[in-house]
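Numbering-wise (our numbering), the sequence shown opens with residue 7 and increments by one.
Beta carbons: idealized from backbone N, C-alpha and C, even for Gly.
Below: one structure, written as structure tokens.
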Amino acid sequence: RRISNVLNQVAPSFIGVSYLTQALEMKSYMERMGAKFNLPDNFEENEDTFLELLPQLIHQFPLYFNTCPNEMEIESAFFSLVSMIQLLSQEDQIEETSKKLSNAIMSSSSDRLLLKSKLQSHQFNCYQPSLKSTYTLLINLLKLIRDTGKCRYVTLDINQIGEWLEKWKSDVQERRSAAG
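See the structure below:
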């Protein structure tokens, strides 16, 4: 399937900075926060390095919630990751990486639930409902709405959710999870 059919280009893209440079800068910043990465010392700056580094950046993303007092900094890092995901060329890479970012947000022990809701909502809106991974994003978003009791950043129609569950061919358990 063509990638343009699965992504909404709502995340900011970075002009004048290569995706690898952006990823390496984020890596360097996260290492100062205590993150550990698994790259060889003499790695080549190429697409393979980027593909190896991106999942590690996403895995370490919860550090931002615990070490950055400024929510704008967390949002900036989030949008950097979403922009990098949008550069992936294979739909299965996008699907898997999107789920990992959503789950990384949810795995943070931080109590910044409204910020998490905002980020999950932004991520959800970046993808077409035709992606099966959008189900994971939706479930995580609904969990945050339930936990916060607020849906300030969420614009979902209950009928639309039902249509998506049909489109995704969700089984009974998945429908129950969506119902909360």
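| Item | Value |
| --- | --- |
| Which residues in the same chain have their Cβ closer than 7 Å to the Cβ of residue 94, if we skip the five residues on either side of it in sequence? | 100 and 103 |
| Of all the options 70, 176 and 140, which has the alpha carbon lying nearest to the alpha carbon of residue 80? | 70 |
| Near residue 34, which residues of its chain fall below 8 Å by C-beta distance, leaving aside the five closest residues on each side in sequence? | none |
| Is residue 57 near the ligand ATP - that is, is its Cβ less than 7 Å away from at least one heavy atom of it? | Ligands displayed in this structure: none; no statement on the ligand ATP is therefore possible. |
| Answer yes or no: do residue 106 and residue 64 have a C-beta to C-beta separation smaller than 8 Å? | yes |
| Would you list, in sequence order, the uninterrupted alpha helix (DSSP H) runs of no fewer than 4 residues that lie entirely inside the segment 17–51? | 25–38 |
| Look at the Cβ atom of residue 119, then the Cβ atom of residue 143, and state whether they are nearer than 8 Å. | no |
| Which residue wins for smallest C-alpha separation from residue 39, given the options 59, 116, 72 and 30? | 72 |
| How would you label residue 166, buried or exposed, when you count the other beta carbons within 10 angstroms and need 16 or more for buried? | exposed |
| Can you give, in chain order, each stretch of the alpha helix (DSSP H) that sits fully within the segment 40–128 and has at least 4 residues? | 53–66, 68–73, 77–92 and 97–113 |
| Residue 41 and residue 90 - do their beta-carbons sit closer together than 8 Å? | no |
| Using a Cβ-Cβ cut-off of 6 Å (strictly less than) and excluding sequence neighbours within five positions of residue 114, which residues of its own chain qualify? | 68 and 71 |
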